[in-house]
Amino acid sequence: MARQRFFTALTGAVRRYHYDSAALTPGDLALLEAAELRPVEGGLNNVVYAFQCDGQRCCVKLYKVDERCRAEREWRALTLLTGQGYAHHPQPYYYDPAAHPPAVVMAFVEGYHLGRRSLSRAQLAALAGALRAMHAITPASSGAALWPIAGNVSMILARLRSYPADAPAAAGVKRWLDGPDPPLLAQPAPEVFSRGDPNLANCLWDGAHIRIVDYENSGWGDRALDLAEIVEHVQSRGTPDDAWRWFVEQFDLSEAGQRRFAAARRMACLHWLEIGRRRGTNPAWIETQAQRVQRLHGNEPSD
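This note's numbering applies: residue 166 is where the sequence shown begins, and numbers increase by one.
Below is the structure:
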């Protein structure tokens with residue numbers, strides 16, 4: 166109980182420190198100094214601070230509030246993973262959904278991120294092992310009530326259907342939408358737990374083990390989509406496609422799973438083209454991604 170009271174006091178002080186410093190009290194300042202509060206870099210949508218508690222490094226995450234219910238998704242995911250004996254996530258300690266913005270306190274995860282790096286065979290094997298264990302968690306095995314992942318097939322298809330006719334590779338997007346992949350992907354697939362965010366920048370390597378953070382988009386997904394989005398994510402481009410082929414082989418997909426993976430990979434590649442256009446990414450990157458779309462959809466080698 167004392168630890169929970171500490172987390173309650175600390176999250177309140179961190180909110181005031183970050184959003185309303187004029188409201189900080191001398192007690193707040195003393196608490197934050199004693200906890201050795203410091204910002205954690207890299208958060209795109211949320212605010213993260215690290216601190217000390219009873220000699221242990223922890224972090225508090227303050228969430229962007231939107232339709233994704235980010236804080237609740239992450240808390241449900243972390244508590245589910247803990248209950249299922251998963252070994253690659255931060256331990257959850259405290260959840261404050263009522264205040265604004267909502268907060269989760271969890272263990273601090275050590276290591277360097279794997280984004281945009283050329284992953285070694287050992288790192289790919291560790292990532293495959295972590296994902297196999299994650300995919301072993303299903304609605305039937307856990308009894309958990311979760312949302313579908315935030316970036317599910319229907320959301321991605323809706324974005325691609327709104328792709329402008331005068332944008333780069335628009336003819337290829339339309340051709341794909343009129344082809345066999347969308348109906349295949351619209352078919353139901355066995356549900357597995359998915360983080361819903363394949364960004365390798367959230368996969369941390371300590372030299373021997375991998376830990377995975379950021380579960381604010383998590384929920385029930387499907388294995389083929391999960392793998393396809395990892396392979397095609399822009400943060401994965403530092404690793405050659407041959408290495409990713411070996412990685413996917415570690416999941417022993419059925420023939421139906423391989424067809425779904427191939428379709429999902431083509432969709433994910435197009436989705437990154439759509440994301441780049443929407444974000445105003447530089448034309449050279451758009452052209453490079455359009456060429457990757459063409460190669461992948463033409464079944465040509467992409468290395």
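Think of the CB as a built atom: it goes at the ideal place given N, C-alpha and C, for glycine as much as any other residue. All of these numbers come straight from a predicted model, not from anything done at the bench.
Coarse secondary structure for residue i, derived from DSSP in three states
{"i": "ILE451", "result": "helix"}
{"i": "PRO469", "result": "Outside the shown range of the chain, which is 166 to 468, sits residue 469, and nothing can be said about it."}
{"i": "ALA272", "result": "strand"}
{"i": "HIS254", "result": "coil"}
{"i": "TYR182", "result": "helix"}
{"i": "ILE470", "result": "What is shown of the chain runs 166 to 468, which leaves residue 470 out entirely."}
{"i": "GLN415", "result": "coil"}
{"i": "THR303", "result": "coil"}
{"i": "ARG402", "result": "coil"}
{"i": "LEU469", "result": "The chain is shown only over 166 to 468; residue 469 falls outside these bounds and no answer can be derived."}
{"i": "GLY445", "result": "coil"}
{"i": "LEU292", "result": "helix"}
{"i": "MET320", "result": "helix"}
{"i": "GLY422", "result": "helix"}
{"i": "THR190", "result": "coil"}
{"i": "GLN459", "result": "helix"}
{"i": "GLN169", "result": "helix"}
{"i": "GLY177", "result": "helix"}
{"i": "GLY248", "result": "helix"}
Residue i versus the options, residue with shortest Cα-Cα distance
{"i": "GLY192", "options": "ALA174, GLY208, ASP185", "result": "ALA174"}
{"i": "GLN288", "options": "GLN400, PRO266, LEU369", "result": "LEU369"}
{"i": "ALA167", "options": "TYR214, TRP312, TYR258", "result": "TYR258"}
{"i": "ILE302", "options": "GLN352, GLY337, ARG360, ALA332", "result": "ARG360"}
{"i": "PRO266", "options": "ARG181, ARG170, PHE426, TRP385", "result": "ARG181"}
{"i": "ASP371", "options": "GLY344, GLN415, LEU292", "result": "LEU292"}
{"i": "PRO345", "options": "ARG424, MET299, TYR380, LEU392", "result": "ARG424"}
{"i": "SER283", "options": "LYS229, ALA200, ALA408", "result": "ALA408"}
{"i": "THR176", "options": "ALA449, ASP231, VAL269, ALA295", "result": "VAL269"}
{"i": "CYS234", "options": "PRO363, PRO262, ALA428", "result": "PRO262"}
{"i": "GLY316", "options": "PHE171, PRO448, ALA429", "result": "ALA429"}
{"i": "GLY280", "options": "MET432, GLN400, VAL458", "result": "GLN400"}
{"i": "GLY220", "options": "ALA272, ALA264, LEU435, ALA433", "result": "ALA272"}
{"i": "ASP387", "options": "GLN352, GLY403, THR404, HIS398", "result": "GLN352"}
{"i": "ILE451", "options": "LEU435, GLN217, PRO355, ALA200", "result": "LEU435"}
{"i": "ILE321", "options": "GLY294, ASN211, GLY384, PRO347", "result": "PRO347"}
Residues sharing a beta bridge with residue i, DSSP
{"i": "ILE110", "result": "Since the first residue shown for the chain is 166 and the last is 468, residue 110 is missing from the structure and cannot be characterised."}
{"i": "LYS229", "result": "DSSP output for LYS229 lists no bridge partner at all."}
{"i": "HIS436", "result": "HIS436 is not bridged to any residue."}
{"i": "ASP261", "result": "ALA268"}
{"i": "TRP385", "result": "PRO313, PHE358"}
{"i": "HIS278", "result": "LEU369"}
Margin query: Can you confirm whether the segment 232-250 touches the segment 179-193 when touching is taken to mean that 3 or more C-beta pairs between the two stretches lie within less than 8 angstroms?
Written below: no
Next item on the list: List in chain order: all unbroken alpha helix (DSSP H) runs of 4+ residues lying wholly within the segment 322-376.
Entry: 335-342, 346-351
Check: At what residue ranges does the segment 197-225 contain a whole run of the beta strand (DSSP E), taking only runs of 3 or more?
Finding: 212-218
Item checked: contact_flag[the segment 332-339, the segment 433-449] where n(CB pairs < 8 angstroms) is 3 or more -> yes
Margin query: Measuring CB atoms only, is the segment 310-321 touching the segment 231-241, in the sense that at least three cross pairs come out at less than 8 angstroms?
Written below: yes
Notebook entry, point to check: Are the segment 371-380 and the segment 405-420 touching, with three or more C-beta to C-beta distances below 8 angstroms?
Noted result: no
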